[in-house]
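Colleague: I'd like to ask some things about the structure below.
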Amino acid sequence: MLAESPIPPVHASLPEVRINVDSGPQAARQALDQLKRNLAPLSLDIEEFGAVELVLAEAMNNICEHAYAAGARSGPIRLRCQHRRDGLHFSIADEGMPMPGECTPLGLAVNVAVDLMDTPEGGFGWFLIRDLAKDVSYQRHGSVNHLSLRMAVAIG
Numbered sequence: 001m002l003a004e005s006p007i008p009p010v011h012a013s014l015p016e017v018r019i020n021v022d023s024g025p026q027a028a029r030q031a032l033d034q035l036k037r038n039l040a041p042l043s044l045d046i047e048e049f050g051a052v053e054l055v056l057a058e059a060m061n062n063i064c065e066h067a068y069a070a071g072a073r074s075g076p077i078r079l080r081c082q083h084r085r086d087g088l089h090f091s092i093a094d095e096g097m098p099m100p101g102e103c104t105p106l107g108l109a110v111n112v113a114v115d116l117m118d119t120p121e122g123g124f125g126w127f128l129i130r131d132l133a134k135d136v137s138y139q140r141h142g143s144v145n146h147l148s149l150r151m152a153v154a155i156g
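Numbering (UniProt numbering), first residue to last: 1 to 156.
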């Protein structure tokens, strides 16, 4: 759910974007393809959309791999986006398992100054999300996870 913001939407011509996909290996790609088409009127440059794509792909892949227990069960992923003066506001909701401790991971930087064979396989996702996104917030309401964040792109 998108939190009510005192900052109004920027363009009446760019309505709120709502995308629904089923979890699975192609969920993030399907949602991002739809999002790219919907955000075309903003003319985001490649770096801006690349950051949006990276953050949302990490978040949605985490939902598919962890909230929906690595494919043991599938379910809906609902992505919403609003364009406001301070950027793009996103909300991602799913009906999977809650995050451990019902809070987002810290997303600390992973030590990469180690031998290649000792480099961790994972642990970069939440670091990237927290590094690139603003106002990251997670809440669990009943059986639904809600992740909201803001990308400081398309500011105007």
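Where a beta carbon is used, it is the ideal one built from N, C-alpha and C, also for glycine.
Apply the 10 Å Cβ neighbour rule to Ala-69 and answer buried if 16 or more other Cβ atoms are within range, or exposed otherwise.
Modeller: In the sequence shown, counting from the first residue as 1, residue 69 sits at position 69. Ala-69 comes out exposed.
Colleague: Quick one: what does DSSP say Pro-15 is sitting in, helix, strand or coil?
Modeller: By 1-based counting over the sequence shown, the position of residue 15 is 15. In this structure, Pro-15 counts as coil in the three-state DSSP scheme.
Colleague: What first and last residue would you give for the alpha helix (DSSP H) that runs through Leu-32?
Modeller: The sequence position of residue 32 within the sequence shown is 32, counting from 1. Start and end: 27-39.
Colleague: Tell me where the alpha helix (DSSP H) around Met-60 begins and ends.
Modeller: Numbered from 1 along the sequence shown, position 60 holds the residue referred to as residue 60. 46-62 is the extent of the alpha helix (DSSP H) around Met-60.
Colleague: With a threshold of 8 Å on Cβ separation, who are the neighbours of Pro-15 within its own chain once the five nearest residues in sequence on each side are excluded?
Modeller: For the purposes of this step, residue 15 is taken as the residue at position 15 of the sequence shown. Around Pro-15: no qualifying Cβ.
Colleague: Can you name the start and end residues of the alpha helix (DSSP H) that Ile-129 belongs to?
Modeller: Looking up residue 129 in the sequence shown gives position 129. Looking at the DSSP string, the run of the alpha helix (DSSP H) that includes Ile-129 is 125-132.
Colleague: Short of 7 Å in beta carbon distance, which residues of its chain neighbour Gly-59, apart from the five on each side in sequence? Order them along the chain.
Modeller: As a first step, residue 59 must be located in the sequence shown, where it is residue number 59. For the sequence presented, residue 59 should be read as Ala rather than Gly. Hits under 7 Å: Ile-92, Ile-129 and Leu-147.
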